[in-house]
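I have placed the structure first, in the form of structure tokens, so that the comments after it can refer back to it.
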Amino acid sequence: MTDTLLFYLLVASFLWAAGLHGLIVARHVLRRVIAVNIMTAGVFLALVTLAARAPEPDPVLHALVLTGLVISVSATALALHLGTAAFSTEKPEPTTR
Amino acid sequence: MNFALVSLSIPLFTGLLLLMIPRYGGPWVVLSSTLSLAAAVASLVEVVDSGNQAVLLGGWPELLAIRLHLEPINALLLAFTALIQLLVSLYWSRNCRNDGFWALASLLHATLAALWLSGDLFNWYVTLELLSLVSVSMVALAGKDSIKPALNYLFLSLLASLCYLLGVAIIYGRYGVLDFQILSRMTVGDTSTAMAMLLMTLGLMVKGALWPLHLWLPPAHSRAPTAVSALLSALVVKGPLFILTLLWTRMAPMELTDKGGEFLAVMGVFALLVGGWCSFRTPLLKEMVAYSTVAQLGYVMLALGLMLQWQLRETLVALWLFVLAHGLAKTSMFLAAGEMQRIFGNKRVTALRGASQTAPVAMFAFAVAGGSLIGLPPSGGFLAKWLLLEPLFYDLQRWPLAFAVLLSTLVSAAYVFRIVTLAFDRAERGQAPSRDRVSEWLALLPALLVWGMALVSEPLILWLTRVAQ
Amino acid sequence: MMGGPWLFDIALGVLLVVLAIASIHARNLYAGVVMFISFGLVAALTWTYLGAPDLALAEAAISAGLTGVLLFAALARIGNTGSTPFTPRRLPALLCLAVAGLLMVTLWPLARNPSVLPGMAMANLPRTGVDNPVTGVLLNFRAWDTLLELAVLLVALLGSRGLRPTPEEEPVPWPLLTAWSRLLVPLLTLFGGYLLWRGGNWPGGAFQAGAMLAAGAVLLRLNGLLPEVAWRNPVVRGLTIAGLALFATIAALTAWLGDGWLNYPPGTDNALMMLIEIIATLSIATVLTLLVAGNKTELEP
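Protein chains in written order, with our numbering: chain B, 464 to 560; chain C, 687 to 1155; chain W, -15 to 285.
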């Protein structure tokens, strides 16, 4: 079982680094959002793999990842709304107040 | 402990109330921060009288529960947060044109309170994320110009969170514990711990805008609405800094502190010089104030680094004094800068020509706050800098650092006096700008408080020396 | 060692990495988003495989559902402009490979390093009032995290709301979709309710259920079957903050009248946690619906 875990930790490291790379080189806001999400997935994969060390999976780590998922979807939504507001190709609507 | 929790709950519930009924935001937030300040002071008195307190949430045993802990420093920071919030909301309730601000400001206050009280690595992650999202939302309140800086801030902040979270994952994988007080008894200097500390430090440095990871700060802080700039510079960057300090002074294993301290001290010196230089060069008024934040955070890093390298207690006291003095001075400076920007209708530094005649009180506030940033006696900034310099003089080996601090003082004097000399130039004749005297005085208030710190300097330093560990 | 299970592991891992890289670097952004959604589904599969069905449910709802819809909506407004594939440079790629290597070296020793916390959590689980350990951790052991997490969700909504992006032409609903959604939505609602109810004992819980409900609401909204969900409507506002408000009230009351912050009085844990879960589900569903399909043209209240 341990070898499988090592393999998944390797995948997690690669995902984190791939996301980091995307965040550094990509310019388009959507690509950057996706890159951040990939990095997040990398951390979560590391956490879930660590949770699977014991025969009984670690519920604390699962709960942490669940909390992290909610936070990550919140941040993604905010980033995409900001990105839409900043880079929208359509003409901005005249603000009426 | 209950007083501290009251101090946290009041802004939380105020924020929720203001979301339901978004009216009279200003008065509500002023009221809630006053009450929260009172509760925080009560908790400070309580903790000074009866010693450190901790509570395991939910009554679960150690390890399993999240532990909230209250020590004099946390209580002091609680009170400081409520005070800055009160000062800013007093000013902003005269000028605010956006109702969205108040609910977010209350939630920001509650978030910071949660951060000061927490002692759990993952809970800190959640509060840090909350802090970033609130700050980004507040920066974006300024409208079109601020959206790109806000987005950039969000991306860097997310990257930082992921570094921090990966560090937490490694720590959990290595020790199986998230409570930093328990960890402080367990940590050893192996590769995993070193890597985790490195990742967490990098993440917190980005979030705290510590040089060279500060690039998001100047655009975000200068484009935000004035009150938001003040809150961000005075309070928000201190959150990650607080965690960084606790991690390095309490949790880091002995083998790592030496190297970490050296790294932080060198980065601190660079921050002081480079940040000061950028502040001197920029043509925009608020950007100048924002770069000055980058420079001033260098003192905090330097103090932390020296503390780790030489185990000097005085520098830790200096660190907390810097946090307090910089918070108050920067609040005043941003409010005064925003006020003058409003009066003259121009964002550039050159617009301030003759400001000493056309907007005397706001200019005075700016200069007084600047005096504390330079470290002129007898301001709060002077106290902090003196405490930092004193141990440096004793040892010949430390003189280069002392020299760097003195040089940085010159740089900060340069960027403050650049504005002041401009303001004492003769005003161009034109129609007298419309002034709001009350808000100018409100902008001055925090600067007066930071000079007032000198009046209580001796008991303050003695007390901090006793409680800072 | 190269048996059947190993093959499956390798396939999953390679698929994850390939999809990840492809979704960031795809020449066409549309393809990138599709790849990202498939990445989410493979991740969900991986969670199941690694013994985390709770996460698999949430991941599927988030990546394939909400994030996907959000990405497509943003793509429709921003478009492909400025997405010209960057010139591949060697330095960042090499640096990131080095980072991956360094991380691997760090993570390597952790795989054989068991922790005491899971056993402790399991031992204390009977006292939490639920059987599902993840729910027990989320709503009892680490309830403070969950409370703050609800605040994060709320703040993301508040931040997005002030931005007022351009209104999108409401597309004419596709008739088949309209017909389907009349069938799908009750099913989603039912499934959401089921997830919530069973969260106490089996995988599932407030977030997964909220995401399901939100998916149903978004579906209805896209077909114009649901009246617009507007922030200015006090009921909607009340629903968005209800979860956090209730949780914080319970925390404050337990500190004031009971034994301490979030220390549920004995005997009431189960009821209180159920109440929090139900209200939090409604809140999460409302916030997510507003985030994905909220009224874009709305002004400040």
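C-beta atoms are modelled at their ideal positions from N, C-alpha and C, and glycine is treated no differently. Since this is a predicted model, take the numbers as computed values, not measurements.
If you draw a straight line from the Cα of A42 of chain W to the Cα of F125 of chain W, it comes to about 20 Å. Counting of Cβ neighbours within 10 angstroms places N97 of chain W among the exposed residues, the total staying below 16. For W92 of chain W, the chain B residues whose C-beta falls within less than 8 Å of its own C-beta are L469, L472, listed in chain order. Against chain C, the beta carbon of S537 of chain B has neighbours under 7 Å at L819, listed in chain order.
Fully enclosed beta strand (DSSP E) runs of no fewer than 3 residues are not present anywhere in the segment 88 to 145 of chain W. For W746 of chain C, the chain W residues whose C-beta falls within less than 7 Å of its own C-beta are N108, F125, listed in chain order. For D865 of chain C, the beta-bridge partners assigned by DSSP are C:D806.
Its chain contains P969, L1108 as the residues whose beta carbon lies nearer than 8 Å to that of T1036 of chain C, once the 5 sequence neighbours on both sides are disregarded; these appear in chain order.
In this structure, I8 of chain W sits near R494 of chain B, with a CB-CB distance shorter than 7 Å. In this structure, B:H544 is the residue among B:H544, B:A540, B:A480 with its C-alpha nearest to the C-alpha of I62 of chain W.
DSSP places Q739 of chain C inside the beta strand (DSSP E), whose first and last residues are 739 to 742.
Under the three-state reduction of DSSP output, R1034 of chain C falls in the strand class. Taking every protein chain shown into account, the CB of I707 of chain C has fewer than 16 other CB atoms within 10 angstroms, so this residue is exposed. Within 10 angstroms of the beta-carbon of T90 of chain W lie 16 or more other beta-carbons, which makes it buried.
DSSP, reduced to helix, strand and coil, places R1039 of chain C outside both helices and strands of the structure shown, so it counts as coil. Counting the other Cβ atoms within 10 Å of the Cβ of N254 of chain W gives fewer than 16, which makes it exposed. Judged by beta-carbon spacing, L513 of chain B lies within the 7 Å limit of G859 of chain C, meaning their Cβ atoms are closer than that value. By the C-beta criterion, the segment 819 to 835 of chain C is judged to be in contact with the segment 905 to 914 of chain C, since at least 3 inter-stretch pairs fall below 8 Å.
Scanning C:A895, C:Y861, C:L1075, C:F1020 for the CA closest to the CA of M993 of chain C turns up C:L1075. Within chain B, the C-beta atoms nearer than 8 Å to that of I833 of chain C come from L545, A548, A549, in chain order. Within its own chain, the residues whose Cβ lies closer than 6 Å to the Cβ of V975 of chain C, once the five positions on either side in sequence are excluded, are M1019, F1020, A1023, listed in chain order. Cβ contact annotation for F470 of chain B (same chain, cutoff 6 Å, sequence separation greater than five): none. Around G143 of chain W, the beta-carbon contacts reaching into chain C at under 7 Å are L819, V822, S823, A826.
Between L807 of chain C and V854 of chain C, the beta carbon gap of about 5 Å places them in contact (Cβ cut-off 8 Å). Taking C-beta atoms as the reference points, A127 of chain W and L256 of chain W fail to come closer than 7 Å. Contact check for R216 of chain W and L705 of chain C: beta-carbon distance about 12 Å, past the 8 Å limit, so the pair fails to qualify.
Taking CB atoms only, M88 of chain W has no neighbour in chain C less than 7 Å away.
With its beta carbon less than 7 Å from one in chain W, A526 of chain B belongs to the interface. Of the candidates C:L817, C:L840, C:Y977, C:K1071, the residue whose Cα lies closest to the Cα of P898 of chain C is C:Y977. Taking a Cβ-Cβ threshold of 7 Å, none of the residues of chain W is close to A724 of chain C; the smallest such distance is about 17 Å. L180 of chain W is positioned such that its CB atom lies no closer than 7 Å to that of T119 of chain W. For the C-beta of A989 of chain C, not a single chain B residue is nearer than 8 Å; the gap to the nearest is close to 31 Å.
Residues of the segment 200 to 219 of chain W that bring their beta carbon within less than 9 Å of a beta carbon in chain C comprise P218, in sequence order. Judged by their CB atoms, H525 of chain B and D(-7) of chain W are not nearer to each other than the 7 Å cut-off. Using a Cβ-Cβ cut-off of 7 Å, L698 of chain C counts as an interface residue toward chain W, since at least one Cβ of chain W sits closer than that to its own. Within the segment 728 to 789 of chain C, the complete alpha helix (DSSP H) runs of at least 4 residues fall at 758 to 781.
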